[in-house]
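Trainee: Here's a structure for you.
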Amino acid sequence: MSITLQQLNDYDSARFVEALSGIYEHSPWIPERAAAQRPFASLAALKLALQTVVANASEAEQLALIRAHPELAGKAAIAGELTRESTGEQASAGLNRCTPEEFATLQQLNADYNAKFGFPFILAVKGPDGKGFTRQQIIATFSRRLKNCYADELAEDLRQIHRIAEIRLNDLFGYTPALGQQIMDWAEVIGAWSDDDDCLTCAYMTIAHRKTAVQLATWMREAGMEVTIDAVGNVTGRYLSDRPGAKTLMTGSHYDTVRNGGKYDGREGILLPIAVVKHLHARGERLPFNLEIIGFSEEEGVRFKSTFLGSNAIAGRFDLALLDKTDADGVTMRAALQDAGHDVSDIASIARNRDQVLGFVEVHIEQGPVLLERGLPVGIVSSIAGSCRYMVELGGVASHAGTTPMTMRKDAAAAAAEIILYVEQRCAQAPSLVGTVGQLQVPHGSVNVIPGTCRLSLDIRAADDSTRDQAVADILRQIDAICSRRNIDAKVELLMQAPAVPCAPRLMQQLSAAVERAGVPQFSLTSGAGHDAMAIAALTDVAMLFTRCGNGGISHNPLETMTADDAEVSAQVFLDFLRNFDVTAG
Ligand SMILES: [Zn+2]
1 MSITLQQLND YDSARFVEAL SGIYEHSPWI PERAAAQRPF ASLAALKLAL
51 QTVVANASEA EQLALIRAHP ELAGKAAIAG ELTRESTGEQ ASAGLNRCTP
101 EEFATLQQLN ADYNAKFGFP FILAVKGPDG KGFTRQQIIA TFSRRLKNCY
151 ADELAEDLRQ IHRIAEIRLN DLFGYTPALG QQIMDWAEVI GAWSDDDDCL
201 TCAYMTIAHR KTAVQLATWM REAGMEVTID AVGNVTGRYL SDRPGAKTLM
251 TGSHYDTVRN GGKYDGREGI LLPIAVVKHL HARGERLPFN LEIIGFSEEE
301 GVRFKSTFLG SNAIAGRFDL ALLDKTDADG VTMRAALQDA GHDVSDIASI
351 ARNRDQVLGF VEVHIEQGPV LLERGLPVGI VSSIAGSCRY MVELGGVASH
401 AGTTPMTMRK DAAAAAAEII LYVEQRCAQA PSLVGTVGQL QVPHGSVNVI
451 PGTCRLSLDI RAADDSTRDQ AVADILRQID AICSRRNIDA KVELLMQAPA
501 VPCAPRLMQQ LSAAVERAGV PQFSLTSGAG HDAMAIAALT DVAMLFTRCG
551 NGGISHNPLE TMTADDAEVS AQVFLDFLRN FDVTAG
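Under our numbering, the sequence shown has 362 at position 362, and the numbering climbs by one with no breaks.
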């Protein structure tokens with residue numbers, strides 16, 4: 001029998017603790033310490049309060065909580081000693097139907113994991129969408145996590161316990177994160193269409209890409225929207241207002257992916273608003289403004305090495321010279337578009353009229369670990385970091401590794417090493433500042449020759465341009481100093497420079513208010529990654545809502561994940577934001 005939040009808020013403490021006794025395994029101290037924080041505004045607020053109790057507990061208490069959990073398919077499972085909740089969860093993952101080999105593998109993994117960390121491996125076997133992992137997925141996750149370090153696994157085990165608790169709470173309340181599950185289900189459908197057989201790649205204007213566009217258009221139409229696919233492949237759905245002369249609020253993200261990418265990067269920001277509009281449409285609810293959802297056709301730059309093709313066209317900044325760019329097979333962008341039935345002479349007319357636009361709000365998976373570390377389902381982006389990229393070529397003297405004394409060398413790689421360490425140290429000095437040397441080569445290097453040349457890339461980003469520019473200036477000065485001390489020539493080439501895009505305070509405030517009404521603390525963060533909102537900022541005010549990214553915050557990778565519950569919180573925040581959106585402050 002399910003209970004309501006109202007009942008739980010009204011219970012005396014003992015009854016509150018009793019009602020939640022099955023949520024955290026053998027650990028009544030968790031509801032005990034959360035009881036005083038009632039009333040809870042929402043189920044999300046209750047979940048967060050319980051999680052905060054665990055976060056604030058001592059490490060000994062956290063370890064006791066972890067150790068209160070049974071091993072997966074372990075001895076307790078066989079002996080029938082599990083709690084009712086655990087028995088059901090393990091059986092739903094088919095862990096009671098292991099083959100002898102799978103059983104042996106799991107026993108070995110349990111033993112190795114316990115020996116390494118001193119606590120059991122915990123996995124919410126119902127998985128991020130509540131539908132359950134397969135045994136193969138469980139074994140793969142187990143093997144992967146066994147390689148982690150102690151602190152990361154302690155944190156991950158606790159997060160999995162919170163996920164188990166979340167699913168148990170949903171059951172207790174008879175609650176289904178329906179919008180979140182819809183978003184996850186749709187992402188699964190289009191996530192299966194790929195240019196590659198064994199992973200998700202959806203590059204511009206390939207068959208998988210065009211099929212995805214048609215599917216998005218279908219879902220938009222079924223959700224009650226007017227739909228068009230434009231000359232660069234953007235899929236636009238309009239949920240029209242019943243007010244005459246209404247202006248348009250825009251949302252959306254990209255549906256192309258990187259090679260071997262994740263299912264939610266970009267796509268969440270299209271599917272989530274479609275699910276929200278479908279919900280509004282089903283209730284016959286109109287908005288006092290038109291809502292336009294755009295599935296941007298291209299953001300990642302995989303096929304033609306040029307990014308933001310879709311959003312630049314909407315912003316009226318599509319560079320027509322790009323049509324002559326060729327892919328790896330020598331096919332021009334123009335030919336690819338024509339082959340897909342697009343008329344490139346229509347591209348200029350895609351640009352939106354800024355007088356008709358109220359703003360742009362993009363929902364996106366965070367693609368990093370910040371919300372995960374903070375234990376928050378959503379966050380509001382304050383600024384999209386500006387970045388600049390350089391290629392540095394260092395010239396020393398390639399000479400004999402055996403005959404050249406250490407004091408007489410001009411070692412280009414040793415200079416590069418010093419530069420890399422300086423970049424790391426300098427970029428640790430401001431919170432939003434990050435610096436990376438992602439490429440490092442000793443061309444024609446050999447084991448017995450002092451490196452005569454070394455090439456390295458630099459990628460420096462920060463939430464504001466002055467922070468970034470100061471860091472870049474220091475780094476360039478330091479490169480000079482290091483190279484002159486070592487008698488190395490340095491050639492520094494600027495490859496790219498994009499200014500930071502601050503999000504519009506009026507949109508951020510309205511998103512924050514919606515987050516707060518959902519019972520979730522407001523939190524803002526910088527986006528270190530570029531997003532379509534950067535390109536749309538040339539047209540109108542922008543803002544972004546981030547959804548927590550699981551698996552340590554990994555993205556641009558098949559391991560990228562989020563939960564149906566976090567997608568639900570994001571969808572509810574977005575829905576509430578729309579319902580309360582101030583059309584007058586344009
Ligand atoms: Zn993206």
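Even for Gly, the Cβ is constructed at its ideal location relative to N, Cα and C.
(1) Which residues end up in the neighbourhood of ligand 1 when you take C-beta atoms closer than 5 angstroms to any of its heavy atoms?
(2) Pull up the CB-CB distance for Arg461 and Gly528, whole angstroms please, since I reckon it's below 8 angstroms.
(3) For Gln429, count neighbouring C-beta atoms within 10 Å of its own C-beta (all shown protein chains included) and say buried if the count is 16 or more, exposed if not.
(4) So Ile139 packs on Val125, CB below 8 angstroms; how close in whole Å?
(5) Taking the alpha carbon of Asn260 as the point to measure from, which residue in Ala93, Thr99, Glu156 and Asp196 has its own alpha carbon closest?
(6) For Asp489, name the three-state secondary structure that DSSP assigns.
(7) Am I right that Phe523 and Gly379 are in contact with their C-beta atoms under 8 angstroms? What's the rounded C-beta distance?
(8) Which residue comes first and which comes last in the beta strand (DSSP E) that contains Phe296?
(9) Is it right to say Cys149 is buried, meaning 16 or more other beta carbons lie within 10 angstroms of its own, or is it exposed?
(10) Measuring CB atoms only, is the stretch 293 to 310 touching the stretch 248 to 258, in the sense that at least three cross pairs come out at less than 8 angstroms?
(11) Exposed or buried, what is Gly262 when buried is set at 16 or more other beta-carbons lying within 10 Å of its beta-carbon?
(12) Taking the straight line between their C-alpha atoms, what separation do you get for Val492 and Asp230?
(13) Give me, in chain order, the residues of the same chain whose beta-carbon lies closer than 6 angstroms to that of Gly224; leave out the 5 immediate sequence neighbours on both sides.
(14) Rounded C-beta distance between Leu179 and Pro558? I'm assuming under 8 angstroms.
(15) Using only the alpha-carbon positions, how far apart do Cys483 and Asp157 sit?
(16) Terminal residues of the continuous alpha helix (DSSP H) containing Arg221?
(17) Tell me whether the stretch 550 to 557 and the stretch 312 to 324 touch, counting them as touching only if at least three CB pairs, one residue from each stretch, are closer than 8 angstroms.
(18) Taking the alpha carbon of Cys388 as the reference point, which residue from Leu371, Thr436 and Val573 has its own alpha carbon closest?
(19) Using 8 angstroms as the cut-off, can you tell me whether the stretch 339 to 346 makes contact with the stretch 563 to 571, which would need three or more C-beta pairs spanning the two stretches below that distance?
(20) Check whether the stretch 447 to 455 and the stretch 501 to 515 touch, using three or more Cβ-Cβ pairs below 8 angstroms as the test.
(21) Ordered along the chain, which non-local residues of its own chain (more than five positions away) have a Cβ less than 7 angstroms from that of Met184?
(22) Would DSSP call Glu560 helix, strand or coil?
(23) Can we count Val397 as close to ligand 2, meaning its CB is less than 7 angstroms from some heavy atom?
(24) Check whether the stretch 45 to 54 and the stretch 95 to 102 touch, using three or more Cβ-Cβ pairs below 8 angstroms as the test.
(25) Ala490 to Ile365, Cα distance in whole Å?
(26) Candidates Leu123, Ala518, Phe142 and Asp474: which alpha carbon is nearest Asp112's?
(27) Assuming Ala351 contacts Ala398 under a Cβ cut-off of 8 angstroms, what Cβ separation, rounded to an integer in Å, is found between them?
(28) Exposed or buried, what is Val232 when buried is set at 16 or more other beta-carbons lying within 10 Å of its beta-carbon?
(29) Can Ala463 and Ser382 be called in contact, C-beta distance under 8 angstroms?
(30) Extract the residue ranges of the alpha helix (DSSP H) inside the stretch 505 to 564, only unbroken runs of 4 or more that lie entirely within it.
(31) Select from Gln356, Pro443, Leu309 and Ala412 the residue whose C-alpha is nearest the C-alpha of Leu289.
(32) Do you know how far the Cα of Leu5 is from the Cα of Met220?
(33) Thinking just about the alpha-carbon of each residue, which of Thr105, Ala165 and Phe360 is nearest to the one in Pro31?
(34) Verify whether the separation of the beta carbon atoms of Gln510 and Phe577 is less than 8 angstroms.
(35) My assumption, with CB atoms under 8 angstroms, is that Ala416 sits in contact with Leu456. Please give the rounded CB distance.
Mentor: Reading off the structure:
(1) Residues flagged by the Cβ proximity filter: Asp265 and Gly266.
(2) The Cβ separation is near 6 angstroms, so the contact holds.
(3) By the Cβ neighbour-count rule, Gln429 is exposed, with fewer than 16 other Cβ atoms within 10 Å of its own.
(4) Contact flag wrong, Cβ pair sits at about 12 angstroms.
(5) The option with the nearest alpha carbon to Asn260 is Asp196.
(6) The answer is strand: DSSP assigns Asp489 an E or B state.
(7) Approximately 5 angstroms separates the beta-carbon atoms of Phe523 and Gly379; this is inside 8 angstroms, confirming the contact.
(8) Residues Asn290 to Phe296.
(9) When all chains shown are included, Cys149 counts as exposed.
(10) At 8 angstroms Cβ cutoff, the stretches touch.
(11) With a threshold of 16 other beta carbon atoms within 10 Å, Gly262 meets it and is buried.
(12) The C-alpha of Asp230 is placed about 41 angstroms away from the C-alpha of Val492.
(13) Around Gly224, the same chain offers His281 as residues with beta carbons nearer than 6 angstroms, after the five sequence neighbours per side are excluded.
(14) About 24 angstroms; that fails the 8 angstroms criterion.
(15) Rounded to the nearest whole angstrom, the CA to CA distance from Cys483 to Asp157 is 47 angstroms.
(16) For Arg221, the uninterrupted alpha helix (DSSP H) run begins and ends at Ile207 to Glu222, by DSSP.
(17) Contact fails: fewer than three Cβ-Cβ distances are below 8 angstroms.
(18) Residue Thr436 is the option with its Cα nearest to Cys388.
(19) The answer is no - the stretch 563 to 571 does not touch the stretch 339 to 346, with fewer than three Cβ pairs under 8 angstroms.
(20) No, because fewer than three Cβ pairs between the stretch 447 to 455 and the stretch 501 to 515 fall closer than 8 angstroms, the two stretches do not touch.
(21) Answer for Met184: Asp129, Ala564 and Ala567, listed in chain order.
(22) The answer is coil: DSSP assigns Glu560 none of H, G, I, E or B.
(23) What this structure holds is ligand 1, not ligand 2.
(24) Between the stretch 45 to 54 and the stretch 95 to 102, the count of Cβ pairs shorter than 8 angstroms is below three; the stretches do not touch.
(25) Looking at the two C-alpha atoms, the distance is approximately 39 angstroms.
(26) Of the listed residues, the one whose Cα sits closest to Asp112 is Phe142.
(27) By a beta-carbon distance limit of 8 angstroms, Ala351 does not contact Ala398. Their separation comes to about 53 angstroms.
(28) Residue environment for Val232: buried (at least 16 other C-beta atoms within 10 angstroms of its C-beta).
(29) The answer is yes: Cβ separation under 8 angstroms.
(30) Under the rule that a run must span 4 or more residues, the alpha helix (DSSP H) segments found entirely inside the stretch 505 to 564 read 505 to 517 and 532 to 536.
(31) The sequence shown places Phe at residue 289, not Leu. Taking only the C-alpha atoms, the option nearest Phe289 is Gln356.
(32) Cα atoms of Met220 and Leu5: separation of roughly 34 angstroms, rounded to the nearest angstrom.
(33) Ranked by Cα distance from Pro31, the options Thr105, Ala165 and Phe360 are led by Ala165.
(34) Yes.
(35) Taking a contact as a CB-CB distance under 8 angstroms, the pair Ala416 and Leu456 counts as one, their CB atoms being some 5 angstroms apart.
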